[in-house]
Every structure is written in C-alpha cells, then in structure tokens.
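Novice:
Residue numbers (my numbering): -5 to 402.
Right under this line is the structure:
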C-alpha cells in the first residue's frame, strides 16, 4: 500500500503529462468497445431481419435448390413434405423471380406466394408498417415493398403487371391491383418484394401445389439446430421419392454476413492494437521521464534501505495505475455509448437501405452491450501499461545509490 500511495503521488506530480498520456488509452479502449457493440448489433440486425421476413427459425428448400438468396428457379419447386413430428408453425411459400411493370417503368422483383394464416403465424406482422390492406384471395391483388413502390411511382389503387416464368418455363403476365405498401425493416424485402396470395401465385406460375420454401417457427427456447437435426433424423423432411428437403437455421442462412462481421471485428482489433501500441510508447516515455527526473529521490530511497525490487515495483505500479485508470475511463465512456445506442438505436436512413437493396439490413441498428470486450479491454490496457513500464523499472532498480544521490 505504501508503494501504491507513493506511485499515485508521483503520477499527479505532472498532471498534464499524465492526462495527455492517458488520452490515447481512453480513446483506444472506447473505440474497441464501441466497435464491438456495433458489430454485435449488426449481427443481431441481420439475424432479426431474415428471421422475421424470410427464414423463421429454420428454412427448408427442395433438394438441389440454390441457397445463394439471389436465384429462385421454379423448376426445382417440389411438393411439401408432411413434416411428421413437427409441433411448431410452418409457412410454405413460393418464391420466384419476376418483373413488376407500371406504365413505362419496370423493376426486377422477388415474388412471394404465401398462405396468410400460416404465414402470419411464422412471420408476425407487429413490427411491419402496412399501408392499405393485404390482398384478398378472390381478387387479382398484390402488396409491394414500399421502397420498390416509391421507385416505380406506384400508389395504393394503381394497377401493375407482373411478368414471370411458370414452372414449365413459359412466360406469363397478369395484371394486379396494388392494395398494400409494406415496410418490413428488411432492406432486401422492402426494395424487391411483391406479395401474392398463394392462389394468385398458383395461377401466375402454374405451380400445381409445388413450393420453393417452407419457413418453420419452433417457439420457446429450443435450439433451432438441435430441432432441425432431430426432425431430419426422424425423416420429417422426406418427400415421396425418398429425397429430403434441405434445412438450414437462421444463423446458417446469415453465415456470409456474419463472416463479414468477423472480419470487421479483426479490423477493429488491429486498429485498437495500433492505438494501444502508441499509448504504450506514451506510457513508457512518461515513466522514463519520471525516472530521470527523480534520480536523486531514487538514490535516497535506496540509501534509506528500500530494496531494488521495491524501487522497480514502484515504477511498474505507476505504469499499471496509469493504464488501469485510463482504461476504466475509456471502458466507461465506450460502454455508456453502447448502452445508449442499444436502447435508442442508430438510424441509418432509408436512402442507405435503398442503395443496398439486395442486403437484409434494417434501417435502425441497435448496438449490443456485452461484458467480454470491457474486461478484455481493461486486461489489454493493464498488459500494455505493464510492458511499457518494464524498462523504466529496470533502470530505476539498477541505479547506484551513491551516484544517484550526487546527481543533479
């Protein structure tokens, strides 16, 4: 405790120098925690966006159906499996590539054929903003993503033509009244989607009961991967010909986006590493200057009986206190910012979402606070400070008391 008290007194001998040295540590750790919270929030953003609009907890596709999320070949559509033993909710869908034509304007679209009762139970609409009403099963009606509708200049009550290939490869085009404009908070859907009741999709595409996707909602706290594996082993996804539909969890569906976020995490660590290296040099410089300024004081302490390891420990403690103190401030600032944006979210703006129309990104990103980066940042700060203080501690511990007392 005596060494700690002495180290604290020495740190505040030159407050300005101590604060300047601490600034890099504070900045580096705040950036690390902020960056980690942002990337965690992006993970949640992607998972939430796809789970609430396209995948549910588990997404089934027919055998050999592409999983790139860009192509939707109807020739691979298949009759849905019986899902024997599955007790959750299932939403069969027919996803197809289409063109939406309004007067002289046209846009590529992702058509979604759906059964309302089943679809609503897997994809609750509480978080969606819907202008107008969903299509009626007895009428040629369509609901469009609001971003695509704005791009085409379509309003509720307008008529559009939807062109698409049938299952057999023939071109078909039918007119539909627009009854709803839908905002799901998934940029990919809002920029591209056209919803048709399954009866209308069957008429346009000549599906004859075949489907391209089945989204499952398992509910509760069960692990989707474990449920998927259990159902797969029980043969719940088998078709009449013995083949099985391919099942992937939401996390597996978003694996590419999550991998990009892992790269972002590594980039953040590299940036923080550079900042902390600079901070370490600053700490080393501060402690070295303190050692040179106090040569006579060190000689006096050695002459009075203080052991060399205690003198070295004094300078190690000074560097460690400097690093930990600045680390606590940086961690507190970074954590406070993450918690604030975890509650309030960061609004990216609709224009940015429209510009990235093929990505399942929400217009609002909520950061996610976790303790691991906080403790990691504090430990990193303490390590850098300790390493930076090793040479000044060695220098002070090896001074000759007689020479040190006579020094100017």
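Built from N, CA and C at the ideal position, the CB exists for glycine as well.
Would you list the one or two residues that DSSP bridges to residue 277?
Specialist: Answer is none; residue 277 lacks a bridge partner.
Novice: Whether or not the segment 39 to 48 and the segment 223 to 234 are in contact is what I'm after, with contact meaning three or more pairs of Cβ atoms, one per stretch, closer than 8 angstroms; do they touch?
Specialist: Not touching, per the Cβ criterion.
Novice: Which runs of the alpha helix (DSSP H) fall wholly inside the segment 207 to 283 and span at least 4 residues, in chain order?
Specialist: Segments of the alpha helix (DSSP H) lying fully in the segment 207 to 283: 218 to 227, 244 to 247.
Novice: Quick check: the Cα distance between residue 366 and residue 329, rounded to an integer number of angstroms?
Specialist: One C-alpha to the other measures close to 11 angstroms.
Novice: Do the segment 8 to 21 and the segment 264 to 280 make contact, defined as three or more Cβ pairs closer than 8 angstroms?
Specialist: In short, these stretches touch, since the Cβ pair count reaches three.
Novice: In this structure, what does DSSP give as the bridge partners for residue 435?
Specialist: Within the shown structure, residues of the chain are numbered from -5 to 402, placing residue 435 beyond reach of any answer.
Novice: Output the distance between the C-alpha atoms of residue 177 and residue 361, rounded to the nearest integer angstrom.
Specialist: One C-alpha to the other measures close to 22 angstroms.
Novice: Is the CB-CB distance between residue 389 and residue 284 below 8 angstroms?
Specialist: No. Outside cutoff.
Novice: Going by C-alpha to C-alpha distance, which of 217, 263, 334 sits closest to residue 35?
Specialist: Residue 35 has its Cα closest to that of 334, out of 217, 263, 334.
Novice: By the DSSP assignment, the beta strand (DSSP E) with residue 53 in it spans what residues?
Specialist: From DSSP, the beta strand (DSSP E) with residue 53 extends over 52 to 55.
Novice: Alpha carbon to alpha carbon, what distance is there between residue 50 and residue 175?
Specialist: One C-alpha to the other measures close to 22 angstroms.
Novice: Report the residue from 149, 305, 372 whose alpha carbon sits nearest the alpha carbon of residue 319.
Specialist: Among 149, 305, 372, the Cα nearest to that of residue 319 belongs to 372.
Novice: Applying the criterion that 16 or more other CB atoms from any shown protein chain within 10 Å of the CB defines a buried residue, is residue 309 buried or exposed?
Specialist: Residue 309 is buried by the Cβ-count criterion.
Novice: Which value, in whole angstroms, describes the spacing of the CA atoms of residue 180 and residue 370?
Specialist: Cα to Cα, the separation comes out at about 33 angstroms.
Novice: Below 7 angstroms CB to CB, which residues in the same chain sit around residue 266 once its five sequence neighbours on both sides are set aside?
Specialist: Cβ neighbours of residue 266 beyond the five flanking positions: 22, 25, 26.
Novice: Quick one, are the C-beta atoms of residue 43 and residue 107 less than 8 angstroms apart?
Specialist: No. Outside cutoff.
Novice: What's the call for residue 165, buried or exposed, on a 16-neighbour Cβ count within 10 Å?
Specialist: Residue 165 comes out exposed.
Novice: Any idea if residue 97 is buried or exposed, counting beta-carbon neighbours within 10 angstroms, 16 or more meaning buried?
Specialist: The residue in question, residue 97, is exposed, as its Cβ has fewer than 16 Cβ neighbours within 10 Å.
Novice: Tell me the DSSP secondary structure of residue 380 in three-state form.
Specialist: If DSSP states are grouped into helix, strand and coil, residue 380 belongs with the helices.
Novice: Can you give me the Cβ contacts of residue 376 inside the same chain, cut-off strictly under 8 angstroms, excluding the 5 residues immediately before and after it?
Specialist: For residue 376, where only same-chain residues beyond five positions count, the Cβ hits under 8 angstroms are 314, 317, 318, 321.
Novice: Are residue 74 and residue 86 close, meaning C-beta to C-beta below 8 angstroms?
Specialist: Yes, Cβ-Cβ distance for residue 74 and residue 86 is below 8 angstroms.
Novice: Across the segment 111 to 129 and the segment 152 to 163, are there enough close Cβ pairs to call them in contact, namely three or more that are closer than 8 angstroms?
Specialist: The segment 111 to 129 vs the segment 152 to 163: no contact.
Novice: For residue 436, count neighbouring C-beta atoms within 10 Å of its own C-beta (all shown protein chains included) and say buried if the count is 16 or more, exposed if not.
Specialist: The first residue shown for the chain is -5 and the last is 402, placing residue 436 beyond what the model contains.
Novice: Considering residue 40, what are the terminal residues of the alpha helix (DSSP H) in which it resides?
Specialist: That run of the alpha helix (DSSP H) goes 9 to 44.
Novice: By alpha-carbon positions, which one of 363, 270, 117 ends up nearest to residue 213?
Specialist: Minimum Cα distance to residue 213 is reached at 117.
Novice: Please state the DSSP three-state secondary structure of residue 128.
Specialist: Correct three-state label for residue 128: coil.
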